[in-house]
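**Student:** Using my numbering, read the sequence shown as starting at 55 and increasing by one per residue. All C-beta atoms, glycine included, are put in the ideal place defined by N, C-alpha and C. Values in this document were obtained by computation on a predicted structure and should not be read as measured data. Sending over a structure as structure tokens; questions will come in a sec.
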Amino acid sequence: MTPWFLETSFFQNPYPVYRRLREEAPVLWDEHLGWLVTGYAEVGTLLKEDRLSNEVFPMFAGPDARLPAFEQTSPFWILYRDPPVHTRLRKQVTSVFSARFIRSLEEQTRLEVNTLLEALPARADLVEMLGMPLPALVMAEVLGAPRQDLPLFYRWGHLVSSLVGAAERTSELLDQADAAVAEMNDYFGRLLAAPDRLVAAMLGARMEPREVVSMCSLLLLAGHDTTANLICNGLLALLNDQAAHTRLVRQPDLIDNALEEFLRFDSPSQVAARLVREPMAFDGYEFEPGQVVNLYMGAANRDPAQFDHPDRLDFDRPHYLHLAFGHGRHYCVGAVLARLVGRIALSETVRRFPRMRAQESDPPREKNLVLRRLQRLWVDLDG
55 MTPWFLETSF FQNPYPVYRR LREEAPVLWD EHLGWLVTGY AEVGTLLKED RLSNEVFPMF
115 AGPDARLPAF EQTSPFWILY RDPPVHTRLR KQVTSVFSAR FIRSLEEQTR LEVNTLLEAL
175 PARADLVEML GMPLPALVMA EVLGAPRQDL PLFYRWGHLV SSLVGAAERT SELLDQADAA
235 VAEMNDYFGR LLAAPDRLVA AMLGARMEPR EVVSMCSLLL LAGHDTTANL ICNGLLALLN
295 DQAAHTRLVR QPDLIDNALE EFLRFDSPSQ VAARLVREPM AFDGYEFEPG QVVNLYMGAA
355 NRDPAQFDHP DRLDFDRPHY LHLAFGHGRH YCVGAVLARL VGRIALSETV RRFPRMRAQE
415 SDPPREKNLV LRRLQRLWVD LDG
């Protein structure tokens with residue numbers, strides 16, 4: 055019998071499954087996955103829990119995986135580090151990846167968005183022609199990378215993110231993803247010879263060259279998928295709700311609230327894994343060292359104990375409550391950039407194509423346990 059988390063129906067729409075799990079208990083043990091945490095209060099609390107470790111690599115790849123490039127790089131990915139290393143790296147990165155720096159990207163981002171939108175045919179796949187290329191274009195600007203290298207960014211991002219969240223991991227996928235990380239390390243190492251933009255700033259912040267190389271690869275990978283999924287999931291949710299679509303067309307100043315509601319309603323990243331590092335009691339359960347704790351932000355963001363009518367798109371909802379970007383010390387370092395790019399992409403698309411319609415209400419999704427990723431989003435731009 056196929057486990058529930060490998061069913062195609064789960065990838066298409068996980069929210070009924072989350073509801074069933076949460077109603078059974080917001081904290082459950084699963085023999086395949088470990089602890090499943092689906093309640094808003096529980097997820098929010100455990101995201102800040104010091105007795106849970108982020109150092110889950112290479113656990114996610116399986117006990118027998120051999121990933122030499124990952125093993126060289128992951129010690130400098132803040133995503134997989136605990137204090138004090140995490141504290142030092144995050145302080146250095148946030149000192150240069152600041153709100154001021156990100157605001158400086160707004161004009162160029164708007165230009166990139168409108169260039170992509172102007173090139174759309176009457177019937178277009180917005181995954182291929184907007185969601186995927188836009189974050190890569192922005193990250194090329196951020197990192198000072200040549201635009202002709204964008205196909206490399208797509209390939210690396212797809213391979214590595216597919217490994218991290220893959221429902222089924224083959225030896226071929228492991229080898230390809232590790233080779234992609236090795237290629238990224240070499241590529242960003244060469245960028246250090248003539249640093250620009252954020253790379254130069256990180257070197258100026260006295261980060262070690264190998265730390266800068268690893269941080270470049272992490273920003274590319276994490277920023278690309280999160281932003282692409284935000285844009286495409288948000289557009290699909292909007293096009294599936296005629297009243298919300300009409301309202302945003304007529305009231306474009308609602309875009310900031312709409313953006314936060316899209317993040318809550320269909321979160322780009324659904325789950326964060328933690329590793330128990332010391333015995334601990336939580337909510338009446340005993341967590342043992344070495345156990346995996348899966349914190350389902352996607353489920354927490356649909357918890358009716360926190361959100362009235364959680365399965366409804368509501369632009370009037372208090373938008374600061376969702377957990378789409380995490381919570382606590384591991385709150386997404388790229389959240390401000392993802393919001394900037396997402397806001398511009400969504401607002402400009404709605405403004406330019408107010409009669410746009412989706413050709414499918416439920417397009418196929420990637421079989422990824424972490425990322426909520428569409429395979430395609432075909433639309434008719436003029437209805």
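Whole angstroms is fine: what's the gap from Glu265's alpha carbon to Phe242's?
**Tutor:** Walking along the sequence shown from the start, residue 265 turns up at place 211. Walking along the sequence shown from the start, residue 242 turns up at place 188. Cα to Cα, the separation comes out at about 11 Å.
**Student:** If you measure between the beta carbons of Asp365 and Arg76, is that distance less than 8 Å?
**Tutor:** By one-based count along the sequence shown, residue 365 stands at place 311. By one-based count along the sequence shown, residue 76 stands at place 22. No, Cβ-Cβ distance for Asp365 and Arg76 is not below 8 Å.
**Student:** If you draw a straight line from the alpha carbon of Gln345 to that of Arg405, how long is it in whole angstroms?
**Tutor:** Taking the sequence shown and counting its residues from 1, the one referred to as residue 345 is at position 291. Taking the sequence shown and counting its residues from 1, the one referred to as residue 405 is at position 351. If you take the alpha carbons of Gln345 and Arg405, they lie about 48 Å apart.
**Student:** My understanding is that Gly198 touches Asp250, with C-beta atoms under 8 Å, so please give their C-beta distance in whole angstroms.
**Tutor:** Here residue 198 corresponds to residue number 144 of the sequence shown, with the count starting at 1. Here residue 250 corresponds to residue number 196 of the sequence shown, with the count starting at 1. About 3 Å separates the two Cβ atoms, so the contact holds.
**Student:** Pull up the distance between the alpha-carbon of Leu170 and that of Arg397, whole angstroms please.
**Tutor:** Counted from its first residue, the sequence shown places residue 170 at position 116. Counted from its first residue, the sequence shown places residue 397 at position 343. Near 15 Å, if we compare the C-alpha coordinates of Arg397 and Leu170.
**Student:** Any chance you could list the beta strand (DSSP E) runs of at least 3 consecutive residues sitting entirely within the region 332 to 389, in chain order?
**Tutor:** For the region 332 to 389, whole beta strand (DSSP E) runs of length 3 or above, ordered along the chain, are 334 to 336, 339 to 341 and 346 to 350.
**Student:** Could you give the uninterrupted runs of the alpha helix (DSSP H) lying entirely in the region 121 to 190, keeping only those of 4 residues or more?
**Tutor:** 122 to 127, 139 to 150, 153 to 157 and 160 to 172
**Student:** When the Cα atoms are used, what is the spatial distance from Asn311 to His373?
**Tutor:** For the purposes of this step, residue 311 is taken as the residue at position 257 of the sequence shown. For the purposes of this step, residue 373 is taken as the residue at position 319 of the sequence shown. For Asn311 and His373, the distance between alpha carbons rounds to 6 Å.
**Student:** Answer yes or no: do Leu133 and Leu228 have a C-beta to C-beta separation smaller than 8 Å?
**Tutor:** Mapped onto the sequence shown, residue 133 falls at position 79. Mapped onto the sequence shown, residue 228 falls at position 174. Contact flag unset, no.
**Student:** Mapping the DSSP letters down to three states, classify Ala326 as helix, strand or coil.
**Tutor:** Your numbering for residue 326 matches position 272 in the sequence shown. Note: Ala326 maps to strand in three-state DSSP.
**Student:** By the DSSP assignment, the beta strand (DSSP E) with Trp432 in it spans what residues?
**Tutor:** Your numbering for residue 432 matches position 378 in the sequence shown. Per DSSP, Trp432 belongs to the beta strand (DSSP E) from Trp432 to Asp434.
**Student:** Following the continuous alpha helix (DSSP H) through Asp310, name the residue where it begins and the one where it ends.
**Tutor:** One-based indexing of the sequence shown puts residue 310 at position 256. Counting along the chain, the alpha helix (DSSP H) containing Asp310 begins and ends at Ile309 to Phe319.
**Student:** I want to know whether the region 332 to 344 touches the region 301 to 317 - three or more CB-CB distances under 8 Å.
**Tutor:** Per the Cβ contact rule, the region 332 to 344 is not in contact with the region 301 to 317 (fewer than 3 Cβ pairs under 8 Å).
**Student:** Look up Asp84 in the DSSP assignment and give the residues it is bridged to.
**Tutor:** Position 30 of the sequence shown, counted from the start, is the residue given in the question as residue 84. Asp84 pairs with Gly88.
**Student:** Quick one: residues in its chain with C-beta nearer than 8 Å to the C-beta of Arg135, no 5 flanking neighbours on either side, listed in chain order?
**Tutor:** Sequence index remark: in the sequence shown, residue 135 carries index 81 (1-based). Closer than 8 Å at Cβ, skipping near neighbours: Asn108, Glu109, Pro129 and Leu143.
**Student:** Using DSSP's beta-bridge definition, name the partner residues of Leu106.
**Tutor:** Here residue 106 refers to the residue found at position 52 of the sequence shown. Its beta-bridge partners are Val330.
**Student:** What are the partner residues of Arg419, as DSSP defines its beta bridges?
**Tutor:** Against the sequence shown, residue 419 aligns to sequence position 365. DSSP output for Arg419 lists Leu428 as bridge partner(s).
**Student:** Across which residues does DSSP place Ala220 in a beta bridge pair?
**Tutor:** As a first step, residue 220 must be located in the sequence shown, where it is residue number 166. In the DSSP output, where bridge partners are listed per residue, Ala220 has Asn422.
**Student:** Look at the alpha carbon of Ala248 and the alpha carbon of Val325, and state the distance between them as a whole number of angstroms.
**Tutor:** Your numbering for residue 248 matches position 194 in the sequence shown. Your numbering for residue 325 matches position 271 in the sequence shown. Their Cα atoms are separated by approximately 37 Å.
**Student:** For the alpha helix (DSSP H) that Thr300 lies in, which residues bound it at each end?
**Tutor:** Residue numbering aside, residue 300 sits at position 246 when the sequence shown is read from its first letter. In the DSSP annotation of this structure, the continuous segment of the alpha helix (DSSP H) that includes Thr300 starts and ends at Gln296 to Arg304.
**Student:** Straight-line CA distance for Pro200 to Leu375?
**Tutor:** In the sequence shown, counting from the first residue as 1, residue 200 sits at position 146. In the sequence shown, counting from the first residue as 1, residue 375 sits at position 321. Distance between the alpha carbons of Pro200 and Leu375: 38 Å.
**Student:** To the nearest angstrom, how far is it from the Cα of His384 to the Cα of Tyr339?
**Tutor:** Residue 384 sits at position 330 when you count from the first residue of the sequence shown. Residue 339 sits at position 285 when you count from the first residue of the sequence shown. Each residue's alpha carbon lies about 24 Å from the other.
**Student:** For Thr148, I'd like the list of residues in its chain whose CB is within less than 8 Å of its CB, leaving aside the five on either flank, ordered along the chain.
**Tutor:** For this step, residue 148 is matched to residue 94 along the sequence shown. Answer for Thr148: Val387, listed in chain order.
**Student:** Is it buried or exposed, Pro189, if we count other Cβ atoms within 10 angstroms and call 16 or more buried?
**Tutor:** Working through the sequence shown from its first residue, we reach residue 189 at position 135. Buried, since its Cβ has 16 or more Cβ neighbours within 10 Å.
**Student:** Please report the straight-line C-alpha distance between Leu245 and Leu377, rounded to a whole angstrom.
**Tutor:** Position 191 of the sequence shown, counted from the first residue, corresponds to residue 245. Position 323 of the sequence shown, counted from the first residue, corresponds to residue 377. Taking the straight line joining both Cα atoms gives about 34 Å.
**Student:** Beta-carbon within less than 6 Å of Ala412's beta-carbon, same chain only, minus the 5 sequence neighbours each way: which residues are those?
**Tutor:** Locating residue 412 in the sequence shown gives position 358, where the first residue counts as 1. Contacts found: Leu293 and Val433.
**Student:** Following the continuous alpha helix (DSSP H) through Leu272, name the residue where it begins and the one where it ends.
**Tutor:** Along the sequence shown, one-based indexing puts residue 272 at 218. Membership of Leu272 in the alpha helix (DSSP H) is indicated by the continuous run Pro263 to Leu293.
**Student:** Can the beta-carbon of Val392 be found closer than 8 Å to that of Thr280?
**Tutor:** Within the sequence shown, numbered from 1, the residue matching residue 392 stands at position 338. Within the sequence shown, numbered from 1, the residue matching residue 280 stands at position 226. Residue identity check: residue 392 is Ala in the sequence provided, not Val. Yes; because the gap between Cβ atoms is below 8 Å, this pair is in contact.
**Student:** Looking only at C-alpha atoms, which of Asp368, Ser216 and Pro343 sits nearest to Arg426?
**Tutor:** The residue labelled residue 426 in the question sits at position 372 within the sequence shown. Selected option, being the one with the closest Cα: Ser216.
**Student:** Going by C-alpha to C-alpha distance, which of Leu87, Tyr94, Thr62 and Leu60 sits closest to Arg73?
**Tutor:** Here residue 73 is taken as the residue at index 19 of the sequence shown, counted from 1. When only C-alpha atoms are compared, the closest one is Tyr94.
**Student:** From Pro57 to His140, what distance separates their C-alpha atoms?
**Tutor:** Against the sequence shown, residue 57 aligns to sequence position 3. Against the sequence shown, residue 140 aligns to sequence position 86. Taking the straight line joining both Cα atoms gives about 35 Å.
**Student:** Please identify the residue among Arg209, Phe369, Gly380 and Thr92 whose C-alpha is closest to the C-alpha of Lys102.
**Tutor:** Along the sequence shown, read from residue 1 onward, the residue named residue 102 stands at position 48. The option with the nearest alpha carbon to Lys102 is Gly380.
**Student:** Which same chain residues, not among the five before or five after Ala276, have their C-beta less than 8 Å away from its C-beta?
**Tutor:** Residue mapping note: residue 276 aligns to position 222 of the sequence shown, counting from 1. Result list for Ala276: Leu133, Cys386 and Gly388, in chain order.
**Student:** If you run the structure through DSSP and keep just helix, strand and coil, what is Ala412?
**Tutor:** Translated into the one-based positions of the sequence shown, residue 412 becomes position 358. Reduced to three states, the DSSP call for Ala412 is strand.
**Student:** In terms of residues, what are the limits of the alpha helix (DSSP H) holding Thr99?
**Tutor:** As a first step, residue 99 must be located in the sequence shown, where it is residue number 45. Where Thr99 is concerned, the enclosing alpha helix (DSSP H) stretches over Tyr94 to Leu100.
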